[in-house]
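Working notes, structure below.
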Amino acid sequence: MAEVRTPSTNPSSTGERQLQVEFPEAPLTHKIVMLGIVFLPFISLFVAMATLWQYGMVGWLNLGLFLSGWAITGAGITIGFHRMLTHRSFETYPWVRMFWTAMGCLSIEGSPVTWCAVHRRHHELSDQHGDPHSPHLHGNGLGAMLQGLWYAHTGWLFTGYWTSPRVQRYVPDLVADRWLMAVDRLYYLWVVVSLGLPTLIGYLATGTVEGALLALLWGGFVRIFVTHHVTWSINSICHVFGQREYDSGDESRNNVFCGFLAFGEGWHNNHHAFPTSARHGLRWWQFDTSWVIIRAMELVGLAWNVKLPDERMLAAKRLVPLAQESGAR
1 MAEVRTPSTN PSSTGERQLQ VEFPEAPLTH KIVMLGIVFL PFISLFVAMA TLWQYGMVGW
61 LNLGLFLSGW AITGAGITIG FHRMLTHRSF ETYPWVRMFW TAMGCLSIEG SPVTWCAVHR
121 RHHELSDQHG DPHSPHLHGN GLGAMLQGLW YAHTGWLFTG YWTSPRVQRY VPDLVADRWL
181 MAVDRLYYLW VVVSLGLPTL IGYLATGTVE GALLALLWGG FVRIFVTHHV TWSINSICHV
241 FGQREYDSGD ESRNNVFCGF LAFGEGWHNN HHAFPTSARH GLRWWQFDTS WVIIRAMELV
301 GLAWNVKLPD ERMLAAKRLV PLAQESGAR
(Lines of atoms letter the chains of each structure in order from A and count residues from 1; the text may use other names and numbers.)
(Lines give C-alpha, C1' and ligand atoms only; values in the text may rest on other atoms or scores of the structure.)
Protein backbone atom coordinates (compact mmCIF):
# COMPACT_ATOMS: atom_id res chain seq x y z
CA MET A 1 0.00 0.00 0.00
CA ALA A 2 1.34 3.42 -0.87
CA GLU A 3 2.14 5.70 2.01
CA VAL A 4 2.07 9.46 2.35
CA ARG A 5 4.10 11.15 5.04
CA THR A 6 2.86 14.03 7.14
CA PRO A 7 5.24 16.91 7.79
CA SER A 8 7.66 15.91 10.54
CA THR A 9 8.74 18.01 13.48
CA ASN A 10 11.65 17.84 15.87
CA PRO A 11 11.04 15.27 18.61
CA SER A 12 10.33 16.48 22.09
CA SER A 13 12.92 16.19 24.80
CA THR A 14 10.81 13.59 26.56
CA GLY A 15 10.43 11.46 23.48
CA GLU A 16 6.84 10.76 24.44
CA ARG A 17 5.46 10.99 20.91
CA GLN A 18 6.50 9.63 17.58
CA LEU A 19 6.37 12.81 15.54
CA GLN A 20 7.04 11.42 12.08
CA VAL A 21 3.99 9.42 11.10
CA GLU A 22 3.02 7.65 7.93
CA PHE A 23 -0.60 7.44 6.86
CA PRO A 24 -1.81 5.00 4.18
CA GLU A 25 -2.84 6.64 0.92
CA ALA A 26 -6.41 6.39 -0.37
CA PRO A 27 -7.51 6.29 -4.03
CA LEU A 28 -8.40 9.60 -5.66
CA THR A 29 -11.97 8.41 -6.29
CA HIS A 30 -12.44 7.83 -2.57
CA LYS A 31 -11.17 11.32 -1.78
CA ILE A 32 -13.61 12.86 -4.25
CA VAL A 33 -16.55 10.91 -2.82
CA MET A 34 -15.50 11.80 0.73
CA LEU A 35 -15.31 15.48 -0.21
CA GLY A 36 -18.98 15.28 -1.17
CA ILE A 37 -19.92 13.44 2.02
CA VAL A 38 -18.12 16.00 4.19
CA PHE A 39 -18.91 19.24 2.39
CA LEU A 40 -22.42 18.72 0.99
CA PRO A 41 -24.03 18.61 4.47
CA PHE A 42 -21.81 21.56 5.45
CA ILE A 43 -23.05 23.62 2.50
CA SER A 44 -26.60 22.50 3.24
CA LEU A 45 -26.30 24.00 6.71
CA PHE A 46 -25.78 27.44 5.17
CA VAL A 47 -28.72 26.84 2.83
CA ALA A 48 -30.81 25.95 5.88
CA MET A 49 -29.76 29.18 7.59
CA ALA A 50 -30.84 31.07 4.46
CA THR A 51 -34.27 29.42 4.58
CA LEU A 52 -34.58 30.45 8.21
CA TRP A 53 -33.82 34.02 7.17
CA GLN A 54 -36.50 33.84 4.49
CA TYR A 55 -39.25 31.93 6.32
CA GLY A 56 -38.45 32.90 9.90
CA MET A 57 -38.95 29.36 11.24
CA VAL A 58 -38.10 25.76 10.48
CA GLY A 59 -41.66 24.48 10.79
CA TRP A 60 -42.82 21.71 13.06
CA LEU A 61 -42.62 19.07 10.34
CA ASN A 62 -39.01 19.81 9.45
CA LEU A 63 -37.99 20.24 13.09
CA GLY A 64 -39.57 16.89 13.89
CA LEU A 65 -37.81 15.19 10.98
CA PHE A 66 -34.48 16.66 12.06
CA LEU A 67 -34.77 15.75 15.76
CA SER A 68 -36.26 12.29 15.25
CA GLY A 69 -33.77 11.48 12.51
CA TRP A 70 -30.86 12.62 14.65
CA ALA A 71 -32.09 10.58 17.62
CA ILE A 72 -32.74 7.38 15.66
CA THR A 73 -29.62 7.39 13.49
CA GLY A 74 -27.41 8.66 16.31
CA ALA A 75 -28.58 5.82 18.55
CA GLY A 76 -27.96 3.46 15.65
CA ILE A 77 -24.30 4.47 15.79
CA THR A 78 -23.87 4.55 19.57
CA ILE A 79 -25.93 1.47 20.43
CA GLY A 80 -25.70 -0.49 17.18
CA PHE A 81 -22.33 0.08 15.54
CA HIS A 82 -20.41 0.94 18.70
CA ARG A 83 -21.58 -0.85 21.83
CA MET A 84 -23.39 -3.81 20.26
CA LEU A 85 -21.17 -4.68 17.27
CA THR A 86 -17.72 -3.26 17.97
CA HIS A 87 -17.48 -4.02 21.69
CA ARG A 88 -20.05 -6.79 22.16
CA SER A 89 -21.36 -5.01 25.26
CA PHE A 90 -24.60 -6.96 25.23
CA GLU A 91 -26.35 -9.76 23.38
CA THR A 92 -29.71 -9.61 21.69
CA TYR A 93 -31.92 -11.28 19.10
CA PRO A 94 -30.87 -11.30 15.42
CA TRP A 95 -33.78 -9.06 14.43
CA VAL A 96 -32.80 -6.50 17.08
CA ARG A 97 -29.20 -6.60 15.84
CA MET A 98 -30.44 -6.02 12.30
CA PHE A 99 -32.64 -3.13 13.44
CA TRP A 100 -29.89 -1.26 15.27
CA THR A 101 -27.40 -1.95 12.50
CA ALA A 102 -29.81 -0.58 9.89
CA MET A 103 -30.43 2.53 11.99
CA GLY A 104 -26.68 3.06 12.15
CA CYS A 105 -26.44 2.75 8.36
CA LEU A 106 -28.96 5.59 8.03
CA SER A 107 -26.39 7.94 9.59
CA ILE A 108 -24.24 7.53 6.44
CA GLU A 109 -21.04 7.05 8.43
CA GLY A 110 -19.96 4.03 6.42
CA SER A 111 -20.90 0.36 6.32
CA PRO A 112 -21.07 -1.36 9.71
CA VAL A 113 -18.23 -3.78 8.94
CA THR A 114 -15.87 -0.97 7.89
CA TRP A 115 -16.91 1.28 10.80
CA CYS A 116 -16.35 -1.45 13.38
CA ALA A 117 -13.02 -2.58 11.90
CA VAL A 118 -11.67 0.97 12.04
CA HIS A 119 -12.90 1.41 15.60
CA ARG A 120 -11.39 -1.82 16.87
CA ARG A 121 -8.06 -0.76 15.37
CA HIS A 122 -8.42 2.58 17.16
CA HIS A 123 -8.75 0.81 20.50
CA GLU A 124 -5.84 -1.52 19.77
CA LEU A 125 -3.49 1.39 19.00
CA SER A 126 -5.16 4.33 20.72
CA ASP A 127 -3.03 7.48 20.43
CA GLN A 128 -0.09 5.47 19.08
CA HIS A 129 1.33 5.11 15.58
CA GLY A 130 -1.29 3.19 13.60
CA ASP A 131 -4.30 4.70 15.36
CA PRO A 132 -6.56 5.74 12.45
CA HIS A 133 -7.62 9.04 14.02
CA SER A 134 -5.46 10.14 16.93
CA PRO A 135 -4.97 13.92 17.32
CA HIS A 136 -1.65 13.33 19.13
CA LEU A 137 0.68 12.17 16.35
CA HIS A 138 1.52 15.47 14.68
CA GLY A 139 4.13 16.96 17.00
CA ASN A 140 4.15 19.50 19.78
CA GLY A 141 2.88 23.04 20.04
CA LEU A 142 -0.34 24.83 19.15
CA GLY A 143 0.02 24.36 15.40
CA ALA A 144 0.56 20.63 15.78
CA MET A 145 -2.42 20.37 18.13
CA LEU A 146 -4.69 22.14 15.63
CA GLN A 147 -3.40 19.94 12.83
CA GLY A 148 -4.05 16.88 14.96
CA LEU A 149 -7.57 18.01 15.83
CA TRP A 150 -8.38 18.57 12.16
CA TYR A 151 -6.93 15.18 11.22
CA ALA A 152 -8.78 13.31 13.98
CA HIS A 153 -12.04 15.11 13.24
CA THR A 154 -12.19 14.82 9.45
CA GLY A 155 -8.80 14.51 7.73
CA TRP A 156 -8.32 10.81 8.46
CA LEU A 157 -11.43 9.99 6.41
CA PHE A 158 -9.39 10.78 3.29
CA THR A 159 -6.70 8.18 4.10
CA GLY A 160 -6.34 4.48 3.46
CA TYR A 161 -7.35 3.74 7.03
CA TRP A 162 -10.91 4.05 5.75
CA THR A 163 -10.50 2.34 2.35
CA SER A 164 -8.38 -0.55 3.71
CA PRO A 165 -9.86 -1.33 7.14
CA ARG A 166 -8.32 -4.85 7.43
CA VAL A 167 -11.68 -6.49 7.92
CA GLN A 168 -10.46 -10.07 8.23
CA ARG A 169 -8.11 -9.13 11.05
CA TYR A 170 -10.35 -6.86 13.07
CA VAL A 171 -13.93 -8.05 12.52
CA PRO A 172 -13.94 -11.74 11.44
CA ASP A 173 -16.80 -12.33 13.88
CA LEU A 174 -18.95 -9.73 12.13
CA VAL A 175 -18.15 -11.08 8.67
CA ALA A 176 -19.31 -14.50 9.88
CA ASP A 177 -22.64 -13.06 11.06
CA ARG A 178 -25.04 -13.65 8.17
CA TRP A 179 -27.73 -11.42 9.65
CA LEU A 180 -25.36 -8.51 9.97
CA MET A 181 -23.90 -9.06 6.51
CA ALA A 182 -27.41 -9.02 5.04
CA VAL A 183 -27.71 -5.44 6.30
CA ASP A 184 -24.12 -4.52 5.40
CA ARG A 185 -24.49 -5.58 1.77
CA LEU A 186 -27.46 -3.22 1.40
CA TYR A 187 -25.57 -0.21 2.77
CA TYR A 188 -26.12 1.99 -0.29
CA LEU A 189 -29.83 1.21 -0.18
CA TRP A 190 -29.86 2.53 3.39
CA VAL A 191 -28.17 5.71 2.14
CA VAL A 192 -31.01 6.19 -0.34
CA VAL A 193 -33.59 5.53 2.40
CA SER A 194 -31.82 8.00 4.72
CA LEU A 195 -32.31 10.82 2.22
CA GLY A 196 -35.42 9.59 0.45
CA LEU A 197 -37.66 8.96 3.46
CA PRO A 198 -37.71 12.53 4.83
CA THR A 199 -38.19 13.80 1.27
CA LEU A 200 -41.19 11.53 0.78
CA ILE A 201 -42.67 12.48 4.15
CA GLY A 202 -42.24 16.16 3.30
CA TYR A 203 -44.01 15.74 -0.01
CA LEU A 204 -46.88 13.69 1.44
CA ALA A 205 -47.35 16.18 4.29
CA THR A 206 -47.29 19.34 2.15
CA GLY A 207 -48.17 18.15 -1.34
CA THR A 208 -45.48 20.42 -2.80
CA VAL A 209 -41.98 19.99 -4.21
CA GLU A 210 -40.85 22.88 -2.01
CA GLY A 211 -42.07 21.02 1.08
CA ALA A 212 -40.25 17.89 -0.05
CA LEU A 213 -36.99 19.78 -0.59
CA LEU A 214 -37.21 21.52 2.79
CA ALA A 215 -37.79 18.15 4.45
CA LEU A 216 -34.76 16.75 2.60
CA LEU A 217 -32.72 19.73 3.74
CA TRP A 218 -33.58 19.49 7.45
CA GLY A 219 -34.41 15.80 7.85
CA GLY A 220 -31.62 14.75 5.51
CA PHE A 221 -28.56 16.93 5.08
CA VAL A 222 -28.68 19.08 8.24
CA ARG A 223 -29.38 15.99 10.33
CA ILE A 224 -26.43 14.21 8.68
CA PHE A 225 -24.19 17.23 9.32
CA VAL A 226 -25.00 17.24 13.04
CA THR A 227 -24.73 13.45 13.41
CA HIS A 228 -21.38 13.33 11.61
CA HIS A 229 -19.76 16.15 13.52
CA VAL A 230 -20.98 14.90 16.87
CA THR A 231 -19.46 11.48 16.08
CA TRP A 232 -16.21 13.00 14.79
CA SER A 233 -15.95 15.17 17.90
CA ILE A 234 -15.47 12.02 19.96
CA ASN A 235 -12.33 11.25 17.92
CA SER A 236 -10.97 14.78 18.15
CA ILE A 237 -12.32 16.78 21.10
CA CYS A 238 -12.60 13.80 23.47
CA HIS A 239 -8.92 12.97 23.06
CA VAL A 240 -7.80 16.52 23.90
CA PHE A 241 -10.31 18.40 26.08
CA GLY A 242 -11.84 17.11 29.30
CA GLN A 243 -11.02 15.09 32.40
CA ARG A 244 -9.30 11.74 32.89
CA GLU A 245 -10.92 9.80 35.72
CA TYR A 246 -9.44 6.40 34.91
CA ASP A 247 -6.14 5.00 33.68
CA SER A 248 -6.94 4.12 30.08
CA GLY A 249 -3.40 4.05 28.70
CA ASP A 250 -4.10 6.86 26.25
CA GLU A 251 -5.27 10.48 26.07
CA SER A 252 -9.03 9.87 26.07
CA ARG A 253 -11.09 12.42 28.02
CA ASN A 254 -14.53 12.74 29.56
CA ASN A 255 -16.19 15.75 27.96
CA VAL A 256 -19.52 16.93 29.38
CA PHE A 257 -20.61 18.72 26.21
CA CYS A 258 -19.97 15.69 24.01
CA GLY A 259 -21.44 13.41 26.66
CA PHE A 260 -24.86 14.96 26.21
CA LEU A 261 -24.76 15.60 22.46
CA ALA A 262 -23.42 12.14 21.59
CA PHE A 263 -25.94 10.16 23.64
CA GLY A 264 -23.33 9.22 26.28
CA GLU A 265 -20.34 8.64 24.00
CA GLY A 266 -18.56 11.72 25.31
CA TRP A 267 -17.68 9.97 28.58
CA HIS A 268 -14.78 8.77 26.50
CA ASN A 269 -12.15 8.19 29.16
CA ASN A 270 -14.60 5.91 30.96
CA HIS A 271 -15.14 4.06 27.71
CA HIS A 272 -11.45 3.59 26.92
CA ALA A 273 -10.79 2.38 30.46
CA PHE A 274 -13.67 -0.14 30.20
CA PRO A 275 -14.30 -0.60 26.46
CA THR A 276 -16.74 -3.50 26.75
CA SER A 277 -18.99 -1.71 29.24
CA ALA A 278 -22.50 -1.06 27.93
CA ARG A 279 -22.60 1.98 30.17
CA HIS A 280 -20.22 4.89 29.48
CA GLY A 281 -21.60 7.40 31.99
CA LEU A 282 -20.33 5.70 35.14
CA ARG A 283 -21.28 8.49 37.57
CA TRP A 284 -24.90 9.21 38.45
CA TRP A 285 -24.65 12.65 36.83
CA GLN A 286 -22.94 11.42 33.65
CA PHE A 287 -26.12 11.10 31.63
CA ASP A 288 -25.89 8.33 29.05
CA THR A 289 -28.92 8.12 26.76
CA SER A 290 -27.62 5.02 25.01
CA TRP A 291 -27.25 3.20 28.33
CA VAL A 292 -30.81 4.14 29.31
CA ILE A 293 -32.06 2.50 26.11
CA ILE A 294 -29.88 -0.59 26.57
CA ARG A 295 -31.06 -0.92 30.18
CA ALA A 296 -34.68 -0.62 29.03
CA MET A 297 -34.03 -3.34 26.45
CA GLU A 298 -32.60 -5.53 29.20
CA LEU A 299 -35.63 -4.98 31.43
CA VAL A 300 -38.06 -6.10 28.71
CA GLY A 301 -35.94 -9.08 27.65
CA LEU A 302 -34.46 -7.66 24.44
CA ALA A 303 -30.88 -7.59 25.78
CA TRP A 304 -28.92 -9.93 28.02
CA ASN A 305 -25.35 -10.59 29.15
CA VAL A 306 -25.01 -6.82 29.52
CA LYS A 307 -21.42 -6.04 30.48
CA LEU A 308 -20.59 -3.55 33.23
CA PRO A 309 -17.45 -2.97 35.32
CA ASP A 310 -17.80 -3.87 38.98
CA GLU A 311 -16.60 -1.69 41.85
CA ARG A 312 -13.31 -3.56 42.11
CA MET A 313 -12.53 -2.91 38.45
CA LEU A 314 -13.44 0.77 38.80
CA ALA A 315 -11.26 1.22 41.88
CA ALA A 316 -8.28 -0.47 40.22
CA LYS A 317 -8.20 2.06 37.38
CA ARG A 318 -9.45 5.18 39.16
CA LEU A 319 -6.81 7.93 38.99
CA VAL A 320 -8.17 9.91 41.95
CA PRO A 321 -9.64 7.83 44.81
CA LEU A 322 -13.19 8.87 45.69
CA ALA A 323 -12.22 9.66 49.30
CA GLN A 324 -9.43 11.96 48.16
CA GLU A 325 -11.72 13.58 45.58
CA SER A 326 -14.39 14.26 48.22
CA GLY A 327 -11.81 15.72 50.60
CA ALA A 328 -10.61 18.17 47.96
CA ARG A 329 -14.02 19.79 47.67
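The sequence shown lines up with residues 1 to 329 when you count with full-length UniProt numbering. Glycine is no exception: its CB is placed at the ideal position from the N, C-alpha and C atoms.
C-alpha of Asp177 to C-alpha of His87: approximately 15 angstroms in a straight line.
The residue from Leu216, Glu251, Gly104 and Trp100 with its alpha-carbon nearest to that of Leu125 is Glu251.
Nearest neighbour of Ala26 by Cα position, chosen from Gly160, Gly301 and Phe225, turns out to be Gly160. Look at Pro24 here: in three-state DSSP terms it is strand.
By the Cβ-count criterion, Val222 is buried, with 16 or more other Cβ atoms from all chains shown falling within 10 Å of its own Cβ. By the Cβ test, the region 167-183 is not in contact with the region 27-43, since fewer than three Cβ pairs between them sit closer than 8 angstroms. Nearest to Val113 by alpha-carbon distance, out of Met84, Gly155, Leu67 and Ala75, is Met84. Met181: member of the alpha helix (DSSP H) spanning Arg178 to Asp184, first to last residue.
With a cutoff of 8 angstroms on beta-carbon distance, Leu106 and Trp179 are scored as not near each other. Counting along the chain, the unbroken alpha helix (DSSP H) around Trp291 starts and ends at Thr289 to Leu299. Of the candidates Val118, Gln286, Leu302 and Phe274, Phe274 places its Cα closest to the Cα of Arg312. In this structure, Leu197 lies away from Tyr246, with their beta-carbon atoms at least 8 angstroms apart. Non-local C-beta neighbours of Phe241 in its own chain, meaning closer than 7 angstroms and more than five positions away in sequence, comprise Arg253 and Asn255, ordered along the chain. Taking Asn235 as the centre and dropping the five residues before and after it, the same chain places the C-beta of His133, Ala152 and His153 closer than 7 angstroms to its C-beta, in chain order.
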